[in-house]
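Numbering (the working numbering), first residue to last: -4 to 251.
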């Protein structure tokens, strides 16, 4: 019986799927979908560990759907990015494996300040449009330095990882906002897959619920990627400001 696998009422499940659809849409553009799904899962009765692990199940499908749509639109070439994706997988796996070993309290206290800094960067930085610029870092160096650091953080903690990828791709790889957003989803797919593998070993994913929510995540991510490709930086930039600010507020509330 489905009720044995997913112990939620039909109304509760539909609300959770709606939240996941919205999260998939937002995540495909600016990241931060976990900010919506994880609290919703906890309100549905999952423990924090179960919520984090189950969120990774749906997030993997959502981000892979966004990657497929961005690739179809010619904004990324996944086959040419196998090395950075593989690096992100390994470090995302390592980060998830370290969750129970490394204390993250100091990181939790610092992160709201970092999120506010991200919001101010996207709000105030001039020239953040869809125009590509000269790269300050070679792709191989980026793949072996910046990408693994963000992927490790994604597996270990998670909030804002997509924004960190975007900042790296814009400021160091010279990409415009739209291409950086598409590229960040590809790297995010690697670290999400790695962290899901780690959570499958040390966490408690609710697989049936996660796979059902993946349907809503795919639909939201598909719409989000197509919307971002049509509007570009005029949508991506303000949404990054909003999601970074919302993450900062959520983290501050959790601390208080």
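For each residue, glycine too, the CB sits at the ideal point set by N, CA and C. This one's a predicted model, so the numbers in the text were calculated from it and none came from an experiment.
Counting other Cβ atoms within 10 Å of its Cβ, residue 11 reaches 16 or more and is therefore classed as buried. Apart from sequence neighbours up to five positions away, the residues of its chain that approach residue 64 with a beta-carbon distance below 8 Å are 23, 216, 217, 220, 221 and 224, ordered along the chain. Across the structure, residue 53 and residue 208 are spaced so that their CA atoms are roughly 6 Å apart. Pairwise C-beta distances place the stretch 85 to 102 out of contact with the stretch 120 to 131, as fewer than three of them are shorter than 8 Å.
Between residue 78 and residue 193, the CB-CB gap reaches or exceeds 8 Å. When DSSP states are grouped into helix, strand and coil, residue 97 belongs to the coil group.
Around the C-beta of residue 248, fewer than 16 other C-beta atoms lie within 10 Å, and the residue is accordingly described as exposed. Taken through DSSP and simplified to helix, strand or coil, residue 152 comes out as coil. Inclusion of residue 21 and residue 246 in the CB contact set at 8 Å is not warranted, their separation being larger than that value. With respect to the 8 Å criterion, residue 211 and residue 19 are classified as neighbours on the basis of their beta carbons. In this structure, the beta-carbon distance from residue 142 to residue 148 does not fall below 8 Å. By the 16-neighbour rule on beta-carbons within 10 angstroms, residue 153 is buried. The continuous alpha helix (DSSP H) containing residue 232 extends over residues 228 to 250.
Nearest in C-alpha terms to residue 184, of all of 244, 116, 57 and 13, is 57.
Taking all protein chains in view, the Cβ of residue 104 is surrounded by fewer than 16 other Cβ atoms within 10 Å, so the residue is classified as exposed. When DSSP states are grouped into helix, strand and coil, residue 221 belongs to the helix group. Residue 138 sits away from residue 172, with the two beta carbons spaced by 8 Å or more. The alpha carbon of residue 82 has as its nearest neighbour, out of 187, 226, 250 and 237, the alpha carbon of 187.
Using a Cβ distance threshold of 8 Å, residue 230 and residue 71 do not count as a contacting pair.
A distance below 8 Å separates the beta carbons of residue 131 and residue 169. Beyond the five residues adjoining it in sequence on each side, residue 26 comes within less than 6 Å, by CB distance, of 157 and 158 in the same chain, given in chain order.
Looking from the CA of residue 76, the closest CA among 206, 190 and 134 belongs to 134. DSSP places residue 200 in the coil class of the three-state scheme, outside both helix and strand.
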